[in-house]
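Take any residue in the sequence shown, count from 1 to its spot, add 2: that is its number in the working numbering.
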Amino acid sequence: MELLAVMALMGIVLSLGTPQFSKILASVRLNADAQKMASVLKLARQEAISTGRPRTVVFYPNNAKYKIIGESTCFLNPGINFVGATNFPENAESLPFCGFAASGVPSSGGTVVLGNSNSRRYVIVNPAAGRIRVSESPPENWN
Numbered sequence: 003m004e005l006l007a008v009m010a011l012m013g014i015v016l017s018l019g020t021p022q023f024s025k026i027l028a029s030v031r032l033n034a035d036a037q038k039m040a041s042v043l044k045l046a047r048q049e050a051i052s053t054g055r056p057r058t059v060v061f062y063p064n065n066a067k068y069k070i071i072g073e074s075t076c077f078l079n080p081g082i083n084f085v086g087a088t089n090f091p092e093n094a095e096s097l098p099f100c101g102f103a104a105s106g107v108p109s110s111g112g113t114v115v116l117g118n119s120n121s122r123r124y125v126i127v128n129p130a131a132g133r134i135r136v137s138e139s140p141p142e143n144w145n
């Protein structure tokens, strides 16, 4: 009898904690995807500098993926999506991209917004210095 009471109490406690756990897991996935995207952009920049050849990252907002041209595709976690349009320029296929010259300077700065049902993360490329960072808030010049 006591065992049943303990099990019932544990069931109630666990059922109350499940929504919070789901929210935490969604936040962890969003942060992981934003950091991974920033790392891929930093890798493209570093490869451009080290090889002396331009490198380009192309974003596929409708398919929740992106990649450095000529390398494998990175997919966003389930439940994570591009939010709205990026403000990077578009290539001939109307896909936004971020290119890096051999010097590591980006062809243009821009911001990619990733989000889930609870929050957003901004992956920001500074146009002047090429600095790449992740933020919980949009850049100052965000429109």
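A virtual CB, placed ideally from N, CA and C, is assigned to each residue, including glycine.
A Cβ-Cβ distance of about 6 Å is found for the pair residue 50 and residue 106, placing them in contact under the 8 Å criterion. Nearest in C-alpha terms to residue 48, of all of 109, 81, 104 and 72, is 104. Take residue 93, set aside five residues on each side of it, and the residues of its chain with a beta-carbon closer than 6 Å to its own are 99, in chain order.
In the structure shown, residue 31 adopts helical secondary structure according to DSSP, grouped into three states. At least 7 Å separates the beta-carbon of residue 79 from that of residue 123.
Here the alpha carbon of residue 115 sits roughly 22 Å from the alpha carbon of residue 73.
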